[in-house]
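Every position in the sequence shown, counted from 1, becomes a number in the numbering used here once 2 is added.
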Amino acid sequence: MTESNRNWLAVEITVDARAVEAIEFALNEIDAIGSEINLLGVKSRQSTICVIGYFHEKPDERTLNTQLAEALRIYGFSGDSIKEIVWREVENTDWLAEWKKHWQPTAVGRFMIAPPWSDVADTEKIVIRIEPNMAFGTGTHETTQLCLKAIDENYTPDMLLLDVGTGTGILAIAAAKLATEHTEKEQKNISVSSVAKILACDTDADSIKIARENADANRVDDKIEFSLGSITGETPEFDFVCANLTLDVITPLLPMLIGKSRRLLLLSGMLVEQEDAIVGNLRNSQITHFQIEKAGEWISILVNTAKGRTN
């Protein structure tokens, strides 16, 4: 059976609206070939949303349930966040074309995040092409947008940048794009030493593979070094450290993230209700200079580690 005439399987998961990204993350972990959020008729303050995942073959029920539970735990939600799970068969009436309509270019500051197939009319933007639903970080979620905004406003090409948990590589690519633009505009005045050194790491091998492919598609693969693994005691210090993770991942890493950041530390992937917890952790680490940004249900924290430590 060819791709053009085969049918697909779709799982429709009705979930607490705040837990949507956790469900998308779970679907990605069990190799869904695509996912979408059904916003038809959804009101801005609706409590539940339907997330749809598409598969060639139905995954094992235990695997699905285990991954959903783990994703909800990581994102700080309980199992009762899921209200209903329904499977159905989907005729392939150019489903891929319909799915692609969901992914439209997203503007964040000077950046325009766009899927490979879309046209971008605004030529003044720095375009970053990211293949959707392949790893965490496609530019559409608030946590990614908060990080892109912080990079846009605070990163300079003379900085050494570390992206911990890079996912699709979008944050590292954004920094590399800024460095490239600066080099092109100021080529006569910029020295070789001021061209950024960017390291991106992730504990997931598939994410590293995808991030490399995205960097190559954006023509910045020569500006980013990708590494499989996490930050360790052997990791050198960087001027700007990004960690768009989740609170349960950030908390044990926080002392090391602070120690490896010479100037700025960007933390995201945390819910608004987790603000007190992360602020308490920062203060326990003698960090006092930081700025909190909010988008929807999510927050980011930009820490000035250069002057943020107290003795």
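Even for Gly, the Cβ is constructed at its ideal location relative to N, Cα and C.
Original post:
Cβ atoms of isoleucine 175 and asparagine 216: under 9 angstroms apart, would you say?
Top reply: yes
Subject >> Integer-rounded CB distance, given that alanine 297 should sit under 8 angstroms from glutamine 147 >> reply: 6 angstroms
**OP:** Just mark tryptophan 300 as buried or exposed, buried being the case when its beta carbon has 16 or more other beta carbons within 10 Å.
**Re:** buried
Subject >> Residues sharing a beta bridge with serine 37, DSSP >> reply: Gly55
Subject >> Of the listed residues Leu230, His143, Pro257 and Ile39, nearest to aspartate 307 (C-alpha basis) >> reply: Just to set this straight, residue 307 is threonine in the shown sequence, not aspartate. Of Leu230, His143, Pro257 and Ile39, the residue nearest in Cα terms is Pro257.
Original post:
So is alanine 12 buried or exposed if we call it buried at 16+ other beta carbons inside 10 Å?
Top reply: buried
Subject >> Three-state class that DSSP yields for threonine 50 in the structure shown >> reply: strand
**OP:** Let me know the secondary structure DSSP gives methionine 114 once reduced to three states.
**Re:** strand
**OP:** Return the CA-CA distance between aspartate 165 and leucine 173, expressed in angstroms with no decimal places.
**Re:** 7 angstroms
Subject >> Minimum C-alpha distance to isoleucine 331 - residue among Glu275, Glu133 and Val274 >> reply: Shown here, the chain extends from 3 to 313; a query on residue 331 therefore has no answer.
Original post:
In chain order, what residues of the same chain have a beta carbon less than 7 angstroms from the beta carbon of alanine 279, not counting five sequence neighbours either side?
Top reply: Leu249
Original post:
Got a sec? Which residues, its chain only, sit under 7 angstroms from lysine 199 by beta carbon, not counting five neighbours each side?
Top reply: Leu162
**OP:** Decide if arginine 20 is buried, meaning its Cβ has at least 16 other Cβ atoms within 10 Å, or exposed.
**Re:** buried
Subject >> Span of the beta strand (DSSP E), counted from its first residue to its last, around valine 274 >> reply: No beta strand (DSSP E) holds valine 274; DSSP gives it neither H nor E.
Original post:
Under 9 angstroms, do threonine 168 and alanine 207 count as touching if we go by C-beta distance?
Top reply: no
Original post:
Since serine 229 is in the beta strand (DSSP E), which residue starts that stretch and which ends it?
Top reply: 226–230
Subject >> Cβ neighbours of valine 274 in the same chain (closer than 8 angstroms, five flanking residues each side left out) >> reply: Lys296, Glu299, Trp300 and Ile301
**OP:** Return the CA-CA distance between asparagine 30 and tyrosine 77, expressed in angstroms with no decimal places.
**Re:** 15 angstroms
Original post:
Within 10 angstroms of its Cβ, does serine 49 collect 16 or more other Cβ (buried), or is it exposed?
Top reply: exposed
**OP:** Check aspartate 18 in the structure and name its three-state DSSP category.
**Re:** strand
Original post:
Hey, how far is the Cα of proline 117 from the Cα of glutamate 86?
Top reply: 30 angstroms
Subject >> Segment contact, 8 angstroms Cβ cut-off, at least three pairs: the segment 56–69 with the segment 109–123 >> reply: no
**OP:** Within its chain, find whatever has a CB closer than 6 angstroms to the CB of tryptophan 89; leave out the 5 residues flanking it on each side and keep chain order.
**Re:** Val13
Original post:
Alpha carbon to alpha carbon, how far is glutamate 91 from glutamine 293?
Top reply: 47 angstroms
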